[in-house]
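Quick note: the sequence shown uses my numbering, first residue 48, plus one each step.
Here is the structure we will look at, set down as structure tokens.
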Amino acid sequence: MFKIGSQLFSAAGPEAVKRLARLGPDIFLDLKFHDIPHIVECAVSAAARLPKVRLLTLHTLGGRKMMQVAVAAVRSRDSRVRLLGITVLTSLKAADLRQVSIRGPVVRRACDLARLAQKAGLDGVVASAREATAIRLACGGRFLIVVPGVRPGQARATDDQKRVATPAEAIRAGADYVVVGRPITGARDPVDAARAILEEIARARRPRIW
């Protein structure tokens, strides 16, 4: 899939989705909605109408009601869109969470939010590889886990990411999808970089512990 985040969407809007959709691949629309339930319901309904959108994100910290109305908005359209809840951003560590009054181990907070998302009817969550195994054990094998902050072993820069993993580590932790951006877009040869990542994923074996 092509991932479209808030940077591109803010610059080009729905037209960016339409133009990339015409190239064929599905779209991961990563807009991380977080607002009162009515606003999120309307936003999700509009996003679900865009072509080729298959994954759509919202913040689990918006609460159960917000997530439930988002689920209802998608299901009312008989849509193929699958909703994912953002747990804890990969740019944050425990010390960062304490600054916003969220305390305790990151893995525990991520699992709590994943369980809340599952109860609200979401299809899965976005979480770092460090929490993926615990979430898989807590939420089961059918619950989608998308892992961002993926950096190939040879990549030195983690940019603003703090909880990173290699593609193979993410798969072994239980990821259904990995998100890779700057290691490809910033590579000297993006095609070779993408191919190497795909080969690493193909070699990784996902443990059958769930």
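Heads up, the beta-carbon is just placed ideally off N, CA and C, and yes, glycines get one too.
Considering only residues of the same chain and omitting the five flanking positions on each side of residue i, which have a CB-CB separation below 7 Å?
{"i": "residue 100", "result": "64, 74, 76, 94, 128"}
{"i": "residue 126", "result": "95"}
{"i": "residue 141", "result": "152, 153"}
{"i": "residue 66", "result": "none"}
{"i": "residue 118", "result": "130, 167, 168, 169"}
Under DSSP, the alpha helix (DSSP H) around residue i begins and ends at which residues?
{"i": "residue 180", "result": "176–186"}
{"i": "residue 218", "result": "214–220"}
{"i": "residue 192", "result": "Element bounds for residue 192: not the alpha helix (DSSP H) but the beta strand (DSSP E), 191–194."}
{"i": "residue 166", "result": "153–167"}
{"i": "residue 129", "result": "Careful: residue 129 lies outside any alpha helix (DSSP H), inside the beta strand (DSSP E) at 129–133."}
{"i": "residue 85", "result": "84–95"}
{"i": "residue 173", "result": "Looking at the DSSP string, residue 173 is not in any alpha helix (DSSP H); the run it does join, the beta strand (DSSP E), is 171–173."}
{"i": "residue 55", "result": "53–59"}
{"i": "residue 112", "result": "111–122"}
{"i": "residue 245", "result": "237–250"}
{"i": "residue 149", "result": "From DSSP, residue 149 is part of no alpha helix (DSSP H); its letter is neither H nor E."}
{"i": "residue 72", "result": "Segment: none, residue 72 is in no alpha helix (DSSP H) and carries neither H nor E."}
How would you label residue i, buried or exposed, when you count the other beta carbons within 10 angstroms and need 16 or more for buried?
{"i": "residue 72", "result": "exposed"}
{"i": "residue 172", "result": "buried"}
{"i": "residue 232", "result": "exposed"}
{"i": "residue 155", "result": "exposed"}
{"i": "residue 54", "result": "exposed"}
{"i": "residue 203", "result": "Note that residue 203 scores a pLDDT of 48, beneath 50, so its modelled location is shaky; the value from the coordinates is reported in the next line. Exposed."}
{"i": "residue 83", "result": "exposed"}
Quick one, are the C-beta atoms of residue i and residue j less than 8 Å apart?
{"i": "residue 166", "j": "residue 111", "result": "yes"}
{"i": "residue 264", "j": "residue 182", "result": "The structure shown does not extend to residue 264, since the chain spans only 48 to 257, so no value can be given for it."}
{"i": "residue 244", "j": "residue 227", "result": "yes"}
{"i": "residue 52", "j": "residue 81", "result": "no"}
{"i": "residue 114", "j": "residue 102", "result": "no"}
{"i": "residue 164", "j": "residue 107", "result": "yes"}
{"i": "residue 133", "j": "residue 79", "result": "yes"}
Going by beta carbon distance, what residues of the same chain come within less than 6 Å of residue i, once the five residues before and after it are set aside?
{"i": "residue 222", "result": "179, 192, 194"}
{"i": "residue 88", "result": "116, 120"}
Determine whether the Cβ of residue i lies closer than 8 Å to any Cβ atom of chain D.
{"i": "residue 70", "result": "Protein chain content of the structure displayed is limited to a single chain, and chain D is not contained in it."}
In its own chain, which residues sit with a C-beta less than 8 Å from the C-beta of residue i, not counting the 5 before and 5 after it?
{"i": "residue 237", "result": "231"}
Residue range of the beta strand (DSSP E) that residue i falls in?
{"i": "residue 100", "result": "100–106"}
(message) Does the structure place the segment 55–62 close enough to the segment 176–183 that three or more beta carbon pairs sit under 8 Å?
(response) Cβ pair count under 8 Å is below three, so no.
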